[in-house]
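**Q** Numbering (our numbering), first residue to last: 52 to 395.
1. Less than 8 Å between C-beta atoms, sequence neighbours within five positions excluded: which residues of the same chain meet that for residue 222?
2. What is the rounded straight-line gap between the Cα of residue 386 and the Cα of residue 348?
3. Residue 200 bridges to which residues according to DSSP?
4. Could you spell out the range, first to last residue, of the alpha helix (DSSP H) harbouring residue 218?
5. Tell me, to the nearest whole angstrom, how far the beta carbon of residue 123 is from that of residue 101; I am working on the premise that it is less than 8 Å.
6. Can you tell me whether residue 122 is helix, strand or coil according to DSSP?
7. Just curious, the beta strand (DSSP E) that residue 57 is in, first and last residue?
8. Between the segment 174–184 and the segment 112–126, do at least 3 Cβ pairs fall closer than 8 Å?
9. Does the beta-carbon of residue 375 have 16 or more other beta-carbons within 10 angstroms, so that it is buried, or is it exposed?
10. Which residues does DSSP list as the beta-bridge partners of residue 229?
11. For the segment 114–121 and the segment 251–260, state whether three or more C-beta atom pairs, one from each stretch, are separated by less than 8 Å.
12. Here's the rule I'm using: 16 or more other beta-carbon atoms within 10 Å means buried, otherwise exposed. How should residue 98 be labelled?
13. Should residue 324 and residue 311 be called a contact, given that it needs their Cβ atoms to be closer than 7 Å?
14. Whose C-alpha, out of 138, 155, 157 and 384, is nearest the C-alpha of residue 148?
15. In chain order, which continuous runs of the beta strand (DSSP E) of length 3 or greater are located wholly inside the segment 278–330?
16. Could you tell me the alpha carbon to alpha carbon distance between residue 62 and residue 55, rounded to whole angstroms?
17. How big is the Cα-Cα spacing for residue 64 and residue 82?
18. Quick one: what's residue 179 bridged to in DSSP?
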C-alpha cells in the first residue's frame with residue numbers, strides 16, 4: 052500500500068504504508084507491507100497510558116468524568132472549550148497548570164492557531180495537545196501518593212506504570228519495549244505494529260470480554276475480579292469516554308473526530324505523530340495500526356480512512372479519501388490518494 056501524490060497526470064511522490072489488522076486473539080487477519088514493522092507508537096498509545104487511571108482507582112477516587120477520560124486520551128486542537136475542560140480536570144484533582152510538564156506549542160488546528168494569533172492569546176502548557184494526558188498522569192501520581200514533581204521522567208513511577216499497561220495490552224514484555232522521550236516530554240514506546248493492533252482489538256472487544264467474564268463469574272483465588280475482567284472493564288470505560296466525546300479526542304475538522312462522528316459507536320480512531328494511526332473497529336472486533344514509513348501525517352490520515360473502508364467502515368468522510376493539492380493561488384493542481392489495499 053502506498054499514498055501517492057499526483058501533480059497533474061504525473062506521479063510526483065509516494066509514501067509507503069505498513070499495516071497490521073488483528074483480532075483480539077492475536078490473529079493477523081489482514082496486512083500491507085510489514086505488519087511486524089517496529090516503530091514508536093507516539094500519541095496513538097494514549098488510551099493505554101490512560102488505562103491505569105481506571106485500573107488503579109484514580110477515576111473513582113477523583114470522580115473523574117467521561118470528558119476527563121477522553122481528554123486523557125486526546126491529541127486535542129487547543130480549542131477554547133477543550134482548554135477549559137482541561138483546567139476543570141486539573142481543578143478536580145487538586146492540581147494547577149504550573150505542575151504540567153508539557154510545554155506549549157502552536158495548536159494543531161490552523162483555524163484555532165490563527166484565531167489565537169489574531170487575539171494575542173498567550174499559549175501556556177494547558178494549550179498543549181497533550182495537556183489532558185499530562186493531567187491524567189498527575190492524577191495517577193496523586194492517587195498513589197507518588198511525587199508529582201518530575202512525573203514525566205522515564206524513571207518516575209507514573210511512566211513505569213504506563214509501560215506496564217502497554218505491556219499488558221500488547222503482550223510484549225516490558226523489557227522488549229523500546230522507551231524514549233516523546234515530544235511532550237513523557238515516555239513513548241517502540242514495538243511492532245501487530246502488537247499495537249492487538250491492543251486496539253482488545254479495546255474493540257472490551258465490552259464483550261467484560262460481560263463474558265462477569266457471566267462466567269471469573270474470580271481469582273482471593274475472590275477478586277480476574278485479570279480478564281479487570282483489563283476488560285478498564286478498557287471499556289476508556290472506550291466509553293472516547294465514543295461519548297469524539298470532539299475532545301482531536302477537534303473540529305480533524306480526522307479522528309470526523310471518522311468517529313461519521314460512524315458513532317463503531318470506531319475508535321487515534322492518530323500518532325510521524326505517520327502512525329491506530330483504530331478499533333467495535334462491530335468487527337478488530338484492531339488496526341499503520342505506519343507511513345516516511346512519517347507523512349497527511350498520508351497516514353488518507354491511509355487509515357482507506358483501510359477502515361476496506362474493512363467495512365463506509366462511507367468515509369470525502370475529505371479523507373483524496374486530498375487536493377493546490378498552488379499559491381488556491382487552484383487545484385493535483386491530489387493525494389491511496390494506491391493498493393490489504394492482503395487477507
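Beta carbons are placed, not taken as given, at the ideal position from N, Cα and C, and that holds for glycine. Here the structure is a predicted model, which means the values were calculated and not measured.
**A** This is what the structure holds:
1. The sequence position of residue 222 within the chain shown is 171, counting from 1. Within the same chain, residue 222 has close Cβ partners 77, 246 and 249.
2. Here residue 386 refers to the residue found at position 335 when the chain shown is read from its first residue. Here residue 348 refers to the residue found at position 297 when the chain shown is read from its first residue. Take the alpha-carbon of residue 386 and the one of residue 348: they are about 15 Å apart.
3. Here residue 200 refers to the residue found at position 149 of the chain shown. Residue pairing by DSSP places residue 200 in no beta bridge whatsoever.
4. On the chain shown, residue 218 is found 167 positions in, with the first residue counted as 1. DSSP places residue 218 inside the alpha helix (DSSP H), whose first and last residues are 208–221.
5. For the purposes of this step, residue 123 is taken as the residue at position 72 of the chain shown. For the purposes of this step, residue 101 is taken as the residue at position 50 of the chain shown. About 4 Å; that satisfies the 8 Å criterion.
6. Mapped onto the chain shown, residue 122 falls at position 71. Of the three classes helix, strand and coil, the one that applies to residue 122 here is helix, per DSSP.
7. The residue labelled residue 57 in the question sits at position 6 within the chain shown. That run of the beta strand (DSSP E) goes 53–58.
8. Taking one beta carbon from each stretch, the segment 174–184 and the segment 112–126 have 3 or more pairs nearer than 8 Å; the two touch.
9. Sequence index remark: in the chain shown, residue 375 carries index 324 (1-based). Its Cβ having fewer than 16 others within 10 Å, residue 375 is exposed.
10. In the chain shown, residue 229 corresponds to position 178, counting from 1. DSSP output for residue 229 lists 241 as bridge partner(s).
11. No, because fewer than three Cβ pairs between the segment 114–121 and the segment 251–260 fall closer than 8 Å, the two stretches do not touch.
12. As a position in the chain shown, residue 98 is number 47, starting the count at 1. By the neighbour-count rule (16 or more Cβ atoms within 10 Å), residue 98 is buried.
13. What you label residue 324 is simply residue 273 of the chain shown in a count that begins at 1. What you label residue 311 is simply residue 260 of the chain shown in a count that begins at 1. With respect to the 7 Å criterion, residue 324 and residue 311 are not classified as neighbours on the basis of their beta carbons.
14. The residue given as residue 148 occupies position 97 in the chain shown. Of the candidates 138, 155, 157 and 384, the one whose C-alpha sits nearest the C-alpha of residue 148 is 138.
15. Entirely contained in the segment 278–330, the beta strand (DSSP E) runs reaching 3 residues are, in chain order, 318–323.
16. On the chain shown, position 11 is the one that residue 62 refers to. On the chain shown, position 4 is the one that residue 55 refers to. Looking at the two C-alpha atoms, the distance is approximately 7 Å.
17. Within the chain shown, numbered from 1, the residue matching residue 64 stands at position 13. Within the chain shown, numbered from 1, the residue matching residue 82 stands at position 31. Approximately 22 Å between the Cα atoms of the pair.
18. Numbered from its first residue, the chain shown carries residue 179 at position 128. When beta bridges are read from the DSSP output, residue 179 appears opposite no residue.
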